[in-house]
Amino acid sequence: MNRWGWGFVALGIVLISIFVFFPMVGALVMSFQTGKGINMHFGGLANYRRLFHDQTVGKALGNTFIYLIIQVPIML
């Protein structure tokens with residue numbers, strides 16, 4: 002009886018690893034690379050540096066913060 006429980010837990014761990022954990026690790030690795038398609042190479046923090054210096058991203062974060070401050074108290 003105990004093996005059935007461990008079997009279900011193991012299946013859940015395998016499925017979560019395949020469909021959640023491995024894609025997250027792949028996306029993290031790709032975020033440090035530059036290039037297109039097969040010509041990807043390590044770019045360090047250049048993508049993140051460019052992201053945080055972009056005015057559009059700053060505006061979007063500001064709008065999200067304002068929405069958070071207004072909407073959350075209304076929903077409570």
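In short: position in the sequence shown from 1, add 1, done, that's the working numbering.
Beta carbons are placed, not taken as given, at the ideal position from N, Cα and C, and that holds for glycine.
This structure is a prediction, so every number in the text was calculated from the model and none was measured.
Item                                                                                                                         : Value
Express the C-alpha separation of residue 33 and residue 17 in angstroms, rounding to a whole number.                        : 24 Å
To the nearest angstrom, how far is it from the Cα of residue 14 to the Cα of residue 28?                                    : 20 Å
Since residue 35 contacts residue 48 with CB under 8 Å, what's their CB separation in whole angstroms?                       : 7 Å
If you draw a straight line from the C-alpha of residue 42 to the C-alpha of residue 54, how long is it?                     : 22 Å
Using the Cα positions of residue 76 and residue 61, report the straight-line distance between them to the nearest angstrom. : 22 Å
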